[in-house]
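In this text, residue positions in the sequence shown follow my numbering: the first is 64, and each later residue adds one. All residues carry an ideal CB built from backbone N, CA and C; glycine is no exception. Small disclaimer: the values here were computed from a predicted structure and weren't measured.
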Amino acid sequence: MKHTLFLFLICCGSLLSCQQIQEEDLSQLNGYWEIKKVEKSNGKELQYKFNETVDYLKIEGEKGIRKKLKPTLEGKYITIGAIETFTITKEEEKFVFHYQTEMDEWEETLLELNENSFQVKNNRDITYTYQRFKGYLDGTE
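Structural data, given as structure tokens:
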């Protein structure tokens, strides 16, 4: 009985400590991000130690943009590819990003978010973990 009560208290405590992402937290997504890890649906995991490109996200209200950039050693960015627009909706207590381009349409569910990292899972069951990008030379954006 004591062990059951102890396990119950641990589970309740861990559930209470997990805070849900609030709408005002979404502004933390603004800025430059690099992929650190990709987890595929088959369980394979890819770690990224260096990225040649970074993602720039800008969110205003329920709309946002994401563009791929190539940072230079001079601290500048070169846009590569098209700028993707998205909308954000709250579904079942989670925020979902809806992308639509001429070539494709997909969704990503925001799983975790703080000022230095975030994690999304797309509708192909692939999870991406991002960390905030720091410049190559001096550690700034």
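- As DSSP reads the structure, G94 sits in a beta bridge with L120.
- By the neighbour-count criterion, in which a residue is buried when 16 or more other Cβ atoms sit within 10 angstroms of its Cβ, D167 is exposed.
- DSSP, reduced to helix, strand and coil, places E168 within a strand of the structure shown.
- Collapsing the DSSP output to three states places E147 in a strand.
- Close CB contacts of L120 within its chain, under the 7 Å cut and outside five residues either way in sequence, are with L92, N93, G94, W96, G127 and R129 (chain order).
- Assignment of beta-bridge partners to T152 by DSSP yields V159.
- DSSP, read as helix, strand or coil, puts E115 in coil.
- If you draw a straight line from the Cα of E87 to the Cα of K131, it comes to about 25 Å.
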